[in-house]
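Engineer: Pasting a structure here, questions to come.
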Amino acid sequence: MSLQVKFAVRENVLVVRLEGELDHHEATNLRESWQKELNNNGVEHVIVNLQKLSFMDSSGLGVMLGRYKEVQAKGNEMVLCSISPEVRRLFDMSGMFKIMKLVDDEASALEMLGVASCEMK
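Per UniProt numbering, the sequence shown starts with residue 1, numbered consecutively.
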């Protein structure tokens with residue numbers, strides 16, 4: 001299964017929804033498309049929804065860490081949410097949760113970032 005990526009913007013927050021498998025074959029495309037979205041005017045914070053991501057390898061972690069550092073360098077926040085058990089294990093083993101915040105769902109992440117909590121498409 002390949003990777004499907006959906007981007008949505010809610011006020012000043014970019015929501016990145018990943019579905020499928022994020023491996024070294026998909027990492028470059030994700031990095032490039034995510035970079036374009038980050039450069040859109042008005043986007044400050046990022047929420048990454050990992051609910052439907054069934055697999056991620058170290059190259060996927062590299063993409064996450066790179067975008068996290070970029071967002072942090074601008075004084076903004078990146079929050080992970082709805083992580084699948086398979087991907088959670090990788091994040092646990094890599095120690096990523098020591099630097100990245102994890103919340104239960106998109107609504108909680110939006111609330112944490114100060115965005116009104118109405119339903120997003």
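The beta-carbon is built from N, C-alpha and C at its ideal position, and this holds for glycine as well. What you are looking at is a predicted structure, and each value in this text was computed from that prediction instead of being measured.
Any idea what DSSP makes of residue 10, helix, strand or coil?
Structural biologist: Three-state DSSP puts residue 10 in a strand.
Engineer: Is the distance from the Cβ of residue 5 to the Cβ of residue 115 below 7 angstroms?
Structural biologist: Cβ distance not < 7 angstroms, so residue 5 and residue 115 don't count as in contact.
Engineer: Cα-Cα, which of 86, 27 and 68 is closest to residue 78?
Structural biologist: If we check each option's Cα against that of residue 78, 68 comes out closest.
Engineer: Please report the straight-line C-alpha distance between residue 86 and residue 113, rounded to a whole angstrom.
Structural biologist: Taking the straight line from one Cα to the other gives about 26 angstroms.
Engineer: Among 48, 26, 56 and 46, which has the Cα closest to the Cα of residue 93?
Structural biologist: Of 48, 26, 56 and 46, the residue nearest in Cα terms is 56.
Engineer: Go ahead and label residue 91 buried or exposed: buried means 16 or more other beta carbons lie within 10 angstroms of its beta carbon, across all protein chains shown.
Structural biologist: The residue in question, residue 91, is buried, as its Cβ has 16 or more Cβ neighbours within 10 Å.
Engineer: Per DSSP, residue 49 forms a beta bridge with which residues?
Structural biologist: Answer is 17 and 81, bridged to residue 49.
Engineer: With DSSP run on the structure shown, which of helix, strand or coil describes residue 121?
Structural biologist: Only weak support exists for where residue 121 lies, its pLDDT of 45 falling under 50; the value from the coordinates is given anyway. Residue 121 falls in the coil class under three-state DSSP.
Engineer: Relative to the C-alpha of residue 73, which residue among 22, 44 and 106 is closest?
Structural biologist: The candidate whose alpha carbon is nearest that of residue 73 is 44.
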